[in-house]
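S.K.: Handing you this structure, nothing more for now.
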Amino acid sequence: MSEHFDQLLRHSPLGILCDFDGTLIPFAATPEEAVPTDPLRELVGRVSSLPNVTFVIVSGRTRDFLERNFPGISLVAEHGAFRRGQGAWEPLRDELIELAALHGRVEELIARYPNARLEQKSTGLVLHYRQLSPSEREGFVVEASSLLDSFAEKIPTFQRSESTLAFEVRPSYIRKSTAVPWVRERAGHGARLLAIGDDLTDEHMFGALEVGDEAVVVRHGDRRRTKARFEFSSPEQVVTFLREIYELRIGERARVSTLPAPVERPRNIRESVSQSLLVVSNRLPSMRSAEEGKPARVGGLVSALGPALSTRDGVWLGWNGKTIDDTEESVAVLENDFSPGLLGMDLKERWYRDYYNGFCNRVLWPLFHCFPGRVRFARKEWDAYEEVHRVFADVAVKAVDGRGTVWVHDYHLLLLAREMRARGHSGPIGHFLHIPFPPPDLFEMLPWHKEILDALLSFDLLGFHTPGFMRNFLACVGTLHPARVSDDGIEYQDRRTRTGVFPIGIFPGDYQKGETKDFQEEIDGLLRILGPARLVLGVDRLDYTKGIPERLLAFGRLLELYPEFRTKVSLVQISVPSRADVPHYAEQRQQVEEIVGRINGQYGEGHWVPVQYSYRGYQQAHLARLYRAAAVGYVTPLRDGMNLVAKEYVAAQPAEGPGVLLLSRFAGAAVELRDALLTNPYDIDGMAEDLRRALTMPLDERKDRQRKLLARVESSTAATWGEAFLSALEACR
Ligand code: ADQ
Numbered sequence: 006m007s008e009h010f011d012q013l014l015r016h017s018p019l020g021i022l023c024d025f026d027g028t029l030i031p032f033a034a035t036p037e038e039a040v041p042t043d044p045l046r047e048l049v050g051r052v053s054s055l056p057n058v059t060f061v062i063v064s065g066r067t068r069d070f071l072e073r074n075f076p077g078i079s080l081v082a083e084h085g086a087f088r089r090g091q092g093a094w095e096p097l098r099d100e101l102i103e104l105a106a107l108h109g110r111v112e113e114l115i116a117r118y119p120n121a122r123l124e125q126k127s128t129g130l131v132l133h134y135r136q137l138s139p140s141e142r143e144g145f146v147v148e149a150s151s152l153l154d155s156f157a158e159k160i161p162t163f164q165r166s167e168s169t170l171a172f173e174v175r176p177s178y179i180r181k182s183t184a185v186p187w188v189r190e191r192a193g194h195g196a197r198l199l200a201i202g203d204d205l206t207d208e209h210m211f212g213a214l215e216v217g218d219e220a221v222v223v224r225h226g227d228r229r230r231t232k233a234r235f236e237f238s239s240p241e242q243v244v245t246f247l248r249e250i251y252e253l254r255i256g257e258r259a260r261v262s263t264l265p266a267p268v269e270r271p272r273n274i275r276e277s278v279s280q281s282l283l284v285v286s287n288r289l290p291s292m293r294s295a296e297e298g299k300p301a302r303v304g305g306l307v308s309a310l311g312p313a314l315s316t317r318d319g320v321w322l323g324w325n326g327k328t329i330d331d332t333e334e335s336v337a338v339l340e341n342d343f344s345p346g347l348l349g350m351d352l353k354e355r356w357y358r359d360y361y362n363g364f365c366n367r368v369l370w371p372l373f374h375c376f377p378g379r380v381r382f383a384r385k386e387w388d389a390y391e392e393v394h395r396v397f398a399d400v401a402v403k404a405v406d407g408r409g410t411v412w413v414h415d416y417h418l419l420l421l422a423r424e425m426r427a428r429g430h431s432g433p434i435g436h437f438l439h440i441p442f443p444p445p446d447l448f449e450m451l452p453w454h455k456e457i458l459d460a461l462l463s464f465d466l467l468g469f470h471t472p473g474f475m476r477n478f479l480a481c482v483g484t485l486h487p488a489r490v491s492d493d494g495i496e497y498q499d500r501r502t503r504t505g506v507f508p509i510g511i512f513p514g515d516y517q518k519g520e521t522k523d524f525q526e527e528i529d530g531l532l533r534i535l536g537p538a539r540l541v542l543g544v545d546r547l548d549y550t551k552g553i554p555e556r557l558l559a560f561g562r563l564l565e566l567y568p569e570f571r572t573k574v575s576l577v578q579i580s581v582p583s584r585a586d587v588p589h590y591a592e593q594r595q596q597v598e599e600i601v602g603r604i605n606g607q608y609g610e611g612h613w614v615p616v617q618y619s620y621r622g623y624q625q626a627h628l629a630r631l632y633r634a635a636a637v638g639y640v641t642p643l644r645d646g647m648n649l650v651a652k653e654y655v656a657a658q659p660a661e662g663p664g665v666l667l668l669s670r671f672a673g674a675a676v677e678l679r680d681a682l683l684t685n686p687y688d689i690d691g692m693a694e695d696l697r698r699a700l701t702m703p704l705d706e707r708k709d710r711q712r713k714l715l716a717r718v719e720s721s722t723a724a725t726w727g728e729a730f731l732s733a734l735e736a737c738r
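Residues in the sequence shown are numbered from 6 upward in steps of one, following the working numbering.
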């Protein structure tokens, strides 16, 4: 454990998010009495000034209070509603919040409990009842809860929360979790974060952390569930810890000695959970944007499956993104605060290494995408793959009724039906593969191909994005397995497995909304840099299957062969970081950056930069704005299961002046989006020609293609996909 913390605390860049009340100082009778001492202010100042450390106080307190007590420190006030780096405060949302009606009624309540206190914040109200006697407290809690709940029911963007001996109402999209991506971005590329807090509002912050980050809870005698893995028992320990971090980072200390003790993980998979629908994916969907108040549109999968899960009181099982020591036991924890119910599992470090980074991402991912040269086999990784399936299956059979429906996702969980059948599950189990299925000559390279085919035939339904991937699968069974393939499915050992094509879609409306001011500024800045140059846009996870180097090279070739395009077009390539700890991905990043540098060095002129490259994620609304602004959606994977960016680009185009989708023939999306301009990303010269054709396509042709493409994107959506698969699966019953 000390090794673990030592590495984290020495990591650069390091981001530290620290709550104030109850974490940096003990609770006082009233908030006014709880002020930082001079030595604490001084320590915070010193930690904040450390190089490569971004220290941020993330508090429920008002801007005014924090600014007065911590001048010059990065701050997040009112649970995330306002944040301030070095400059002025920025609001999370640019809107005025009307609380007047509630305020009047709360004042009436407080008048009857003179020792209770009302704190008015710019985005909400806090009712403190710390100073009430125990008998008064009871009455107050009942009255205040019912008043606040009825208000929150009427105005759903508001919600009630409880911190220590206080109630609070504020808009539900304001949560401390919103501070986490903000701090990560401020801390800089590759940052790891440490979050320290003590109350329920801090749990949102903990829940938004990622692999490699860490959370520490300060316990005040309570034993409630927490997402933190480590704990302190008092604010004094936090202060000593900060002092030691400071000394460690300036080299005055070799180790920190106040290491927090690990919290015992809650074990609350309800033995009685017996939902009728279980969704299993390797990774649980991130609920971050749901916390920010948007409906749960957090990735197509949640939106597509959300309605089915809610109506059936279903549950979603997956990895929660955290890793634990190999010596600890992985338990499933039901995250009750969310709908659908999320059952989160930790991965042991060893599983993360051998199962996730190993067998999944260094064997199945490259092999299924037809990159055999990048595949590396190791028996212990296959063993870990099987072991994780056993652990998931143990939890899965408890989470769903024995005859309930189970929908399993993707290449991480190919063996799950086999394991669930072995544990007695008799209901329908379906699998949807989000990536391509390879042809037999590639699949056969897998030393465990027979075991995987066997296990796949324990599913009732296998879904693919395209007819080609399904044909590959059937050809593998036909050539490598004794099962009988017929028109009606595959028969093997008294079981029948059906196969089907279910092309995934998006929610087109999400990319067609009017623009809100919040989202414009950042993108406007980017577009301003481009000046009058037309925009060619690439958006992907940074992955070698996406063909980013080839795309850049073809753009360079265009500038070389057709100098008339110089200063007239710019390529914006946005790559969201992905699997950075797998070596091929780190290499890919370097290669991309080198090519960008070369093209810019060779062709750039005074005010024109040929390629703008950004290595980060953007919000959906930002992407939509960029898609709309782009003359060419440059979507050229070397191979892809579907590729949703292609569909998002189409959905966002303005009807009157649409851009052109230049799409790789090797994306699953090319099967449906035949009216895109199709290109071969392996042929750099050819792709440069296709790019020229896209940039010079007459308006009539663009409109004609766009009309047909949009009709397709709007008729085959995320919702139709989810419904089609589930009804086919339930028909297998
Ligand atoms: P992915 O390989 O992740 O998915 P894709 O379908 O393109 O690929 O989805 C990427 C999603 O991430 C899109 O919704 C896109 O908007 C978003 N995204 C990409 N770059 C981003 C950035 N810089 N900032 C923010 N968001 C970004 C796998 C398969 C695909 C298959 C999907 C769904 O590999 O082939 O289409 O699953 O089945």
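Quick reminder that beta carbons are idealized off the backbone N, C-alpha and C, glycines included.
May I have a chain-ordered list of the beta strand (DSSP E) segments no shorter than 3 residues that lie completely inside the segment 373-408?
M.R.: Segments of the beta strand (DSSP E) lying fully in the segment 373-408: there are none.
S.K.: Can you tell me whether Pro300 is buried or exposed, with buried defined as 16 or more other CB within 10 angstroms of its CB?
M.R.: Note that Pro300 scores a pLDDT of 32, beneath 50, so its modelled location is shaky; the value from the coordinates is reported in the next line. Exposed, because fewer than 16 other Cβ atoms sit within 10 Å of the Cβ of Pro300.
S.K.: Restricting to Cα atoms, I'd like to know which of Thr169, Ser182, Lys181, Gly212 is closest to Asp204.
M.R.: Checked all of Thr169, Ser182, Lys181, Gly212; the closest Cα to Asp204 is Thr169.
S.K.: Output yes or no for whether 8 Å exceeds the beta carbon distance between Pro240 and Leu29.
M.R.: It is a contact, given that the beta carbons lie within the stated cut-off.
S.K.: For Leu540 versus Ala460, is the C-beta spacing smaller than 8 Å?
M.R.: Result no, Cβ atoms of Leu540 and Ala460 do not sit closer than 8 Å.
S.K.: Would a C-beta distance cut-off of 8 Å place Ser575 and Pro513 closer than the cut-off?
M.R.: For Ser575 and Pro513, no; Cβs fall outside 8 Å.
S.K.: Can you determine whether any heavy atom of ligand 1 sits closer than 7 Å to the C-beta of Glu653, and answer yes or no?
M.R.: Under cutoff, so the answer is yes.
S.K.: Return the CA-CA distance between Val413 and His436, expressed in angstroms with no decimal places.
M.R.: Rounded to the nearest angstrom, the two C-alpha atoms are 5 Å apart.
S.K.: Give the list of continuous beta strand (DSSP E) stretches no shorter than 3 residues that lie fully inside the segment 573-660.
M.R.: Within the segment 573-660, the complete beta strand (DSSP E) runs of at least 3 residues are 574-581, 616-619, 637-640.
S.K.: Can you tell me whether Lys232 is buried or exposed? The criterion is at least 16 other CB atoms within 10 Å of its CB, across all chains shown.
M.R.: Lys232 comes out buried.
S.K.: Taking three-plus beta-carbon pairs below 8 Å as touching, is the segment 55-64 in contact with the segment 16-32?
M.R.: Verdict: yes, contact present.
S.K.: Could you spell out where the beta strand (DSSP E) holding Trp324 opens and where it closes?
M.R.: It spans 320-329 - the beta strand (DSSP E) in which Trp324 sits, taken as one unbroken run.
S.K.: If Tyr608 and Leu564 are in contact, beta carbons under 8 Å, what's the gap, nearest whole angstrom?
M.R.: Confirmed, about 5 Å.
S.K.: Counting pairs of Cβ atoms below 8 Å between the segment 358-378 and the segment 398-414, do you hit three or more?
M.R.: Cβ pair count under 8 Å is below three, so no.
S.K.: Considering only DSSP beta bridges, list what Met350 is partnered with.
M.R.: Met350 pairs with Trp324, Ala337.
S.K.: So is the beta-carbon of Arg584 under 7 Å away from any non-hydrogen atom of ligand 1?
M.R.: No; taking the cut-off as 7 Å, the Cβ of Arg584 has no heavy atom of ligand 1 nearer than that.
S.K.: Over what stretch of residues does the alpha helix (DSSP H) that includes Gln711 continue unbroken?
M.R.: Its alpha helix (DSSP H) spans residues 704-720.
S.K.: Using a Cβ-Cβ cutoff of less than 8 Å, which residues in the same chain neighbour His439 once the five nearest sequence positions on both sides are dropped?
M.R.: Once the five neighbours on either side are set aside, the close Cβ partners of His439 are His414, Asp415, Tyr416, His470, Ile509, Gly646, Met647.
S.K.: Tell me the DSSP secondary structure of Val676 in three-state form.
M.R.: DSSP places Val676 in helix when its eight states are reduced to three.
S.K.: Expressed to the nearest angstrom, what Euclidean distance is found between the alpha-carbon atoms of Phe570 and Val338?
M.R.: Rounded to the nearest angstrom, the two C-alpha atoms are 56 Å apart.
S.K.: Taking only heavy atoms of ligand 1 into account, decide whether any of them is closer than 7 Å to the Cβ of Ser580.
M.R.: Because some heavy atom of ligand 1 lies under 7 Å away, the Cβ of Ser580 counts as near it: yes.
S.K.: Which partner residues of Leu22 appear in the DSSP bridge assignment?
M.R.: Leu22 is bridged to Val61, Ala200.
S.K.: Output needed for Ser463: all residues of its chain with C-beta closer than 6 Å, excluding positions within five of it in sequence on either side, in chain order.
M.R.: Closer than 6 Å at Cβ, skipping near neighbours: Ala422, Arg423, Arg426.
S.K.: Select from Leu643, Leu557, Arg707 the residue whose C-alpha is nearest the C-alpha of Leu666.
M.R.: For the residues Leu643, Leu557, Arg707, the minimum Cα distance to Leu666 belongs to Arg707.
S.K.: Counting C-beta neighbours from all protein chains within 10 Å, is the total for Asp515 16 or more, i.e. buried, or is it exposed?
M.R.: Under this definition Asp515 is a buried residue.
S.K.: Return the chain-ordered list of same chain residues with a C-beta closer than 8 Å to the C-beta of Gly536, the five sequence neighbours on each side being excluded.
M.R.: Counting only Cβ-Cβ distances below 8 Å, and skipping sequence neighbours, we find His612, Trp613.
S.K.: Flag Arg379 as yes when its Cβ comes closer than 7 Å to any non-hydrogen atom of ligand 1, and as no otherwise.
M.R.: No; taking the cut-off as 7 Å, the Cβ of Arg379 has no heavy atom of ligand 1 nearer than that.
S.K.: Pick helix, strand or coil for His454, following the three-state DSSP scheme.
M.R.: Residue state, collapsed to three classes: helix.
S.K.: From the DSSP output, read off the bridge partner residues of Trp356.
M.R.: DSSP, once it has assigned bridges, lists no residue as partnering Trp356.
S.K.: Please tell me whether Arg428 and Asp465 are closer than 8 Å, where the distance is taken between their beta carbons.
M.R.: Against a cut-off of 8 Å, the Cβ pair of Asp465 and Arg428 comes out as no contact.
S.K.: Short check: CB of Tyr620 to CB of Pro582, under 8 Å?
M.R.: Their beta carbons are under 8 Å apart, which means Tyr620 touches Pro582 by this criterion.
S.K.: From the DSSP output, which residues share a beta bridge with Asp545?
M.R.: DSSP lists Ser580 as partners of Asp545.
S.K.: For ligand 1, is there a heavy atom less than 7 Å away from the beta-carbon of Leu628?
M.R.: Yes, the beta carbon of Leu628 sits closer than 7 Å to at least one heavy atom of ligand 1.
S.K.: Start and end of the alpha helix (DSSP H) containing Pro554?
M.R.: First-last of the alpha helix (DSSP H) with Pro554: 553-566.
S.K.: Could you check whether the Cβ of Ile509 sits closer than 7 Å to any heavy atom belonging to ligand 1?
M.R.: Answer for Ile509: yes, Cβ within range of ligand 1.
S.K.: So is the beta-carbon of Leu649 under 7 Å away from any non-hydrogen atom of ligand 1?
M.R.: Answer for Leu649: yes, Cβ within range of ligand 1.
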